[in-house]
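Colleague:
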Amino acid sequence: MITHEEIRSIALLAKLEVPDEELDALTQEMEKIIAFADTVSHAPVSDTGFDNIHHLENGFRPDVVTPSLPQEEILQNAERQENGCFFVPNRK
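Numbering (our numbering), first residue to last: 143 to 234.
1) Is the stretch 167 to 185 touching the stretch 143 to 158, taking contact as three or more C-beta pairs under 8 angstroms?
2) Can you tell which of Ile175, Met172, His146 and Glu173 has its C-alpha closest to the C-alpha of Pro161?
3) Name the DSSP bridge partner or partners of Gln223?
4) Mind checking if Gly226 is an interface residue toward chain B, Cβ cutoff 8 angstroms exclusive?
5) How would you call Ile149, buried or exposed, if buried means at least 16 neighbouring beta carbons within 10 angstroms?
6) Given this structure, state the Cα-to-Cα distance separating Ile175 from Ser183, to the nearest angstrom.
7) Going by DSSP in three states, Val187 sits in which element: helix, strand or coil?
8) Measure the C-alpha to C-alpha separation of Val187 and Asp193 and round it to an integer number of angstroms.
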């Protein structure tokens with residue numbers, strides 16, 4: 143059985159606010175989810191194959207090496223570069 147404290151802990155990890163008046167309902171829903179996951183985990187799947195029912199395959203093109211632009215030409219319009227690469231500032 144899942145407790146209100148476990149629900150609060152999960153909510154904290156998920157950065158969710160759970161009002162106290164919703165704890166009972168959320169606990170019941172979480173228990174249903176856990177019970178379903180337990181049911182699924184015991185499903186017999188040893189005879190289940192991984193066949194593609196649509197019989198489709200990816201159509202990959204062959205790799206062909208082609209000439210590319212010189213590094214200097216590629217980086218000439220870069221606002222900033224570092225170690226021969228584009229520098230993109232971290233924007234959090």
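Note that the Cβ used here is the ideal one computed from N, Cα and C, for glycine as well.
Modeller: Looking at the coordinates:
1) yes
2) His146
3) Answer by DSSP bridge pairing, in chain order: Phe228.
4) Protein chains in the displayed structure number just one, and chain B is not present.
5) buried
6) 12 angstroms
7) coil
8) 13 angstroms
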